[in-house]
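Here this note's numbering is used: the sequence shown runs in plain steps of one and ends on residue 206. Written out below as structure tokens is the structure these notes cover.
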Amino acid sequence: MGDAVGVAVALPDKTGDKLGWIQPMTTLCSVAMNHWSERQADIATRMLVPDGPRQADVASALEVTRQMVSKTLVAIEFSAIESALEWVEGAGWEKSLRMAEVRLV
102 MGDAVGVAVA LPDKTGDKLG WIQPMTTLCS VAMNHWSERQ ADIATRMLVP DGPRQADVAS
162 ALEVTRQMVS KTLVAIEFSA IESALEWVEG AGWEKSLRMA EVRLV
């Protein structure tokens, strides 16, 4: 992408021990995302919606082939980002993170 895009997390001091893994996780995701084109980011964003659309739905919305969406997801190693997010969502961190600040940078 033209400008650097990433994810930043500011943790309160008292949650650092429990949530110390968040910073490296967001750094890795940011590094991967920073290499995406606008089209790649658009496709990934659409696929990350909870209970989101199928690849065919994204392709239809963007007026491209499903194969193009599939190849894009493979090229950006989307499955790694998706797996990381699924792990984070299942980690039970929500209570500790309520005081943390998360923002796109």
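All residues carry an ideal CB built from backbone N, CA and C; glycine is no exception.
- Scanning the region 143-197 from its first residue to its last, the whole alpha helix (DSSP H) runs of 4-plus residues come out as 156-163, 167-176 and 179-190.
- Counting along the chain, the unbroken alpha helix (DSSP H) around Ser131 starts and ends at Ile123 to Met134.
- A direct Cα-to-Cα measurement between Met134 and Thr128 gives close to 10 Å.
- Counting only the Cα atoms, Trp122 lies some 23 Å from Ala145.
- Excluding its 5 nearest sequence neighbours in each direction, Val170 has C-beta neighbours in its own chain below 7 Å: Ile144, Gln156, Val159 and Ala160, listed in chain order.
- Measuring C-alpha to C-alpha distances from Arg147 to each of Ala162, Trp137 and Trp188 identifies Ala162 as the nearest.
- The C-beta distance from Leu186 to Leu149 rounds to 7 Å, short enough to fall under 8 Å.
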